[in-house]
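S.K.:
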């Protein structure tokens, strides 16, 4: 498991009963997590003394119960990277802190390359990986189908003092964007993707990971440079093994370029128990 263990502004304080207790800077939130199927030892005062508690609805979705006043938007840092946070209607805050394990890896790879590196960040959300790659000196093209997420990513880039870096932000269906990049002859040294289980592009395009990921990987192969540095796949799709991502990368990047393959879970340390919270999976190819 790849553990994002070097946070100062974020912490999983405790877990149990299908929920996690988290500290985001000075803000304490209580949110559901489907991986937490073990019981809560006791609902102590720390579990009740929170700023916000997200309640799942039996009809689907859910809502926040705000117990204390919090800013509409607040900020946390990961080293020199900075991010805007805000509670969304879907329980999230706009950041997946476990991804810091990937940010550190890609920043080290980019810095050690000692050459200009162009990065394509697909399904790029609010731009955690975009901020990380740009801070390490890469040029980045950030693509997401949701206009609001692209705007949020721009805010994170500006907050981190990177607005003057070589960055492009594209609101588009990622599959169609990659196909256009093929026709244009564009090339990238590194590709990052965090594909959803299901999705719909701005033109109604449908995405289903099990059916779409492998042909999408094949398309991405056609826009890799002659000296690729890495490809990273994140997934939060339940039922998909890390070995599946490794096999796909072996059949594509590994077959063409050789290199090194890794896969595994990604997670966060739990302060109260000393255990680790699994949060998703990853597959990495590197030169």
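Numbering (my numbering), first residue to last: 98 to 384. Glycine residues also receive a C-beta, built at the ideal position from the N, C-alpha and C atoms. No experiment lies behind these values; they were computed from the predicted model shown.
Just to confirm, is the Cβ distance from residue 257 to residue 236 under 8 Å?
M.R.: Residue numbering aside, residue 257 sits at position 160 when the chain shown is read from its first letter. Residue numbering aside, residue 236 sits at position 139 when the chain shown is read from its first letter. In this structure, residue 236 does not lie closer than 8 Å to residue 257 by Cβ.
S.K.: On a CA-only basis, which of 104, 118, 378 is nearest residue 142? Give me that one, please.
M.R.: Taking the first residue of the chain shown as 1, we reach residue 142 at position 45. When only C-alpha atoms are compared, the closest one is 118.
S.K.: At which residues does the beta strand (DSSP E) containing residue 108 begin and terminate?
M.R.: Walking along the chain shown from the start, residue 108 turns up at place 11. Per DSSP, residue 108 belongs to the beta strand (DSSP E) from 107-113.
S.K.: Does the distance from the CB of residue 128 to the CB of residue 140 come in under 8 Å?
M.R.: Taking the first residue of the chain shown as position 1, residue 128 is located at position 31. Taking the first residue of the chain shown as position 1, residue 140 is located at position 43. Their beta carbons are not under 8 Å apart, which means residue 128 does not touch residue 140 by this criterion.
S.K.: With distances taken from CA atoms, which of 374, 169, 327, 222 is nearest residue 353?
M.R.: Looking up residue 353 in the chain shown gives position 256. With distances taken between Cα atoms, residue 353 lies closest to 327.
S.K.: From the DSSP output, which residues share a beta bridge with residue 175?
M.R.: What you label residue 175 is simply residue 78 of the chain shown in a count that begins at 1. DSSP, once it has assigned bridges, lists 178 as partnering residue 175.
S.K.: Report yes if the CB atom of residue 164 is closer than 8 Å to the CB atom of residue 189, and no otherwise.
M.R.: Locating residue 164 in the chain shown gives position 67, counting from the first residue. Locating residue 189 in the chain shown gives position 92, counting from the first residue. No, these two residues do not count as a Cβ contact at 8 Å.
S.K.: Taking the alpha-carbon of residue 202 as reference, which of 339, 289, 278 has the nearest alpha-carbon?
M.R.: Position 105 of the chain shown, counted from the first residue, corresponds to residue 202. For the residues 339, 289, 278, the minimum Cα distance to residue 202 belongs to 289.
S.K.: Given a cut-off of 8 Å, decide if residue 266 and residue 255 are closer than it, judged by their beta-carbon atoms.
M.R.: Within the chain shown, the letter at position 158 stands for residue 255. Within the chain shown, the letter at position 169 stands for residue 266. No, Cβ-Cβ distance for residue 255 and residue 266 is not below 8 Å.
S.K.: Going by CA-CA distance only, name the one from 126, 220, 185 that's closest to residue 294.
M.R.: Within the chain shown, numbered from 1, the residue matching residue 294 stands at position 197. The residue with the shortest Cα to Cα distance from residue 294 is 220.
S.K.: Among 191, 185, 319, 110, whose alpha-carbon lies nearest the alpha-carbon of residue 278?
M.R.: Locating residue 278 in the chain shown gives position 181, where the first residue counts as 1. It is 319 whose Cα lies nearest to the Cα of residue 278.
S.K.: Would you mind stating whether residue 214 and residue 287 have Cβ atoms separated by less than 8 Å?
M.R.: Here residue 214 corresponds to residue number 117 of the chain shown, with the count starting at 1. Here residue 287 corresponds to residue number 190 of the chain shown, with the count starting at 1. Against a cut-off of 8 Å, the Cβ pair of residue 287 and residue 214 comes out as a contact.
S.K.: Apart from the five residues just before and just after residue 172, which ones in its own chain have a Cβ nearer than 8 Å to its Cβ?
M.R.: Within the chain shown, numbered from 1, the residue matching residue 172 stands at position 75. If we look at residue 172 and ignore the five residues flanking it on each side, its Cβ neighbours are 122, 179, 180, 181, 182, 256.
S.K.: Along the chain, which unbroken stretches of the alpha helix (DSSP H) at least 4 residues long are found entirely within the stretch 325-358?
M.R.: 339-346
S.K.: Could you check whether the stretch 358-377 touches the stretch 191-198, counting it as contact only if at least three pairs of C-beta atoms, one from each stretch, sit closer than 8 Å?
M.R.: yes
S.K.: Buried or exposed for residue 134, going by 16 or more other Cβ atoms inside 10 Å?
M.R.: Here residue 134 corresponds to residue number 37 of the chain shown, with the count starting at 1. By the 10 Å Cβ count, residue 134 comes out exposed.
S.K.: Is residue 362 helix, strand or coil by DSSP?
M.R.: On the chain shown, residue 362 is found 265 positions in, with the first residue counted as 1. Residue 362: strand per DSSP, three-state reduction.
S.K.: Is residue 287 helix, strand or coil by DSSP?
M.R.: Counted from its first residue, the chain shown places residue 287 at position 190. In the structure shown, residue 287 sits in a strand (DSSP, three-state: E or B).
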